[in-house]
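Numbering (the working numbering), first residue to last: 263 to 706.
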């Protein structure tokens with residue numbers, strides 16, 4: 263397909279790799295986004311492994327059956343922050359062709375905030391929850407300094423001549439209701455969520471501070487593309503769950519999340535496939551593009567064990583599965599007739615999670631969790647995530663906090679290529695993420 267693009271837009275190429283089930287590489291979220299399991303601090307501290315146990319209104323969408331035996335009225339709210347830090351470096355090669363060191367040339371930081379809230383009511387055999395929680399986010403933050411070249415004796419005094427900018431922010435929120443009932447040792451539940459966007463914004467561009475020395479910049483003039491976008495249409499997300507109590511110490515669970523689609527119109531993100539890198543990429547163009555993304559369904563099995571010893575401790579294990587080969591993306595732009603499908607050989611992906619909750623006293627719990635998350639794109643992008651948290655209970659009031667740490671390293675090409683040069687295929691990307699969560703609830 264022939265396209266008329268300015269040189270400035272041709273060089274802005276952004277990687278497009280699908281995230282895994284919880285939080286994937288932030289640089290790869292341009293179109294696929296990061297799926298978030300819950301807005302509850304307890305869930306984050308246990309790394310999402312507690313699908314067989316009730317935490318609050320927001321976690322009923324993980325497995326709506328967990329509220330079947332809930333009794334009373336519970337009001338809950340929470341705030342979460344996803345902090346991102348990314349270092350990019352290129353290898354320094356000596357005259358013998360040996361790799362001496364890695365020169366870090368980009369240090370990017372950013373944060374995305376999200377809110378959740380809800381209410382649950384239960385009679386002991388019937389439970390109902392209403393909740394609004396963050397579901398996915400396309401957040402990514404990138405800012406690269408560009409420096410000019412001076413000659414001796416002005417060593418290490420290269421002036422700052424401009425910046426490259428990429429910033430994606432906002433949250434796609436899920437708002438809905440769930441219902442569950444208990445029949446003896448069985449609990450069954452169902453939930454329905456509707457998706458809507460909150461403050462979805464993108465910015466791409468180049469800022470030029472010194473228009474005399476612009477050899478390292480992707481453009482000789484300043485330009486910034488800003489857009490605010492929204493979901494034009496999205497299918498509701500259906501959640502089904504079942505729990506079986508084997509005895510006082512063992513509980514099994516299974517839950518299902520239906521596949522869903524999201525439609526949006528943005529400023530020209532055209533998906534392509536780069537056979538050299540074996541990764542999907544997109545080029546950022548001047549015209550608008552209508553996108554329809556279909557995310558596959560998710561199946562998860564869980565286990566809760568309460569040891570028979572007197573220690574107030576619970577152990578959780580869960581295994582989630584998604585067949586990303588069922589993923590699809592179709593787009594149509596203002597310069598082409600009809601729709602075009604984007605196909606990439608995605609693979610099946612599993613997520614293994616485990617967590618432990620121990621009550622140090624009747625008022626203070628300690629929680630810790632671990633997850634190993636496969637990537638639907640490549641085995642080398644699998645991640646390990648560590649989480650921990652605590653809280654405080656005073657009568658009807660409960661306060662919880664949690665933190666989760668993850669990191670990944672991979673090699674990729676330049677995001678912005680200097681004019682007249684070819685992209686560096688040996689850049690190292692070291693990305694770390696820290697998720698913070700705070701939740702409060704009041705029970706009646």
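Ideal Cβ placement from N, Cα and C applies to all residues, glycine included.
Between the region 440 to 448 and the region 485 to 498 there are fewer than three C-beta pairs closer than 8 Å, too few to call the two in contact. As the crow flies, the alpha-carbon of residue 690 is around 14 Å from that of residue 678. When only Cα atoms are considered, residue 563 and residue 423 end up about 54 Å apart. Just so you know, the alpha carbons of residue 591 and residue 630 end up roughly 37 Å apart. Distances from the CA of residue 464 to each of 455, 504, 433 were compared; the closest alpha carbon is that of 433.
By the beta-carbon neighbour count (other beta carbons within 10 angstroms, threshold 16), residue 426 is buried. Considering only 380, 585, 626, 442, the residue with the shortest C-alpha distance to residue 656 is 626. Excluding sequence positions up to five before and after residue 634, its CB lies within less than 6 Å of the CB of 614, 646, all in the same chain and listed in chain order.
With 16 or more other Cβ atoms inside 10 Å of its own Cβ, residue 672 counts as buried. Counting C-beta atoms within 10 angstroms of its own C-beta, residue 640 has fewer than 16 neighbours from the protein chains shown and is therefore classed as exposed. In the DSSP annotation of this structure, the continuous segment of the beta strand (DSSP E) that includes residue 526 starts and ends at 522 to 528. Per DSSP, the unbroken beta strand (DSSP E) holding residue 582 starts and ends at 575 to 585. Classified as buried, residue 319 has 16 or more neighbouring CB atoms from the shown chains inside 10 Å of its CB. In the displayed model, residue 387 falls within coil according to three-state DSSP, outside both helix and strand.
In this structure, the alpha-carbon of residue 303 lies about 12 Å from that of residue 395. Segment contact: the region 319 to 338 against the region 377 to 391, three or more CB-CB distances shorter than 8 Å; contact assigned. Note that the C-beta distance between residue 428 and residue 377 is not below 9 Å. Cβ neighbours of residue 570 within its own chain (closer than 7 Å, five residues either side excluded): 511. Excluding five sequence positions before and after residue 589, the CB atoms of its chain that fall closer than 7 Å to its own CB belong to 280, 556, 557, 558, 608, given in chain order. Excluding five sequence positions before and after residue 508, the CB atoms of its chain that fall closer than 8 Å to its own CB belong to 447, 514, given in chain order. Rounded to whole angstroms, the separation of the alpha carbons of residue 364 and residue 664 is 34 Å. Here DSSP, grouped into helix, strand and coil, assigns residue 636 to coil. Assignment of residue 619 by DSSP, reduced to helix, strand and coil, places it in the strand class.
Residue 651 and residue 620 have their alpha carbons spaced roughly 11 Å apart. Secondary structure at residue 329: helix, using DSSP grouped into helix, strand and coil. Leaving aside the five residues that flank residue 503 on each side, the residues in its chain whose CB is nearer than 6 Å to its CB run, in chain order, 325, 326, 327, 451, 517. Contact check for residue 505 and residue 520: beta-carbon distance about 19 Å, past the 8 Å limit, so the pair fails to qualify. Beyond the five residues adjoining it in sequence on each side, residue 367 comes within less than 7 Å, by CB distance, of 350, 351, 352 in the same chain, given in chain order. The DSSP-derived three-state label of residue 692 is strand. Residue 312 is positioned such that its CB atom lies closer than 9 Å to that of residue 566.
Assignment of residue 588 by DSSP, reduced to helix, strand and coil, places it in the helix class. Under the three-state reduction of DSSP output, residue 320 falls in the helix class. Following the DSSP letters along the chain, one finds residue 492 in no beta strand (DSSP E), marked with neither H nor E. Taking C-beta atoms under 8 Å as the contact rule, residue 335 and residue 374 fail to qualify, at a distance of about 31 Å. With a beta-carbon spacing of about 39 Å, residue 617 and residue 593 fall beyond the 8 Å limit used to define contacts.
When 648, 706, 675, 705 are compared, the shortest CA-CA separation from residue 696 is found for 648.
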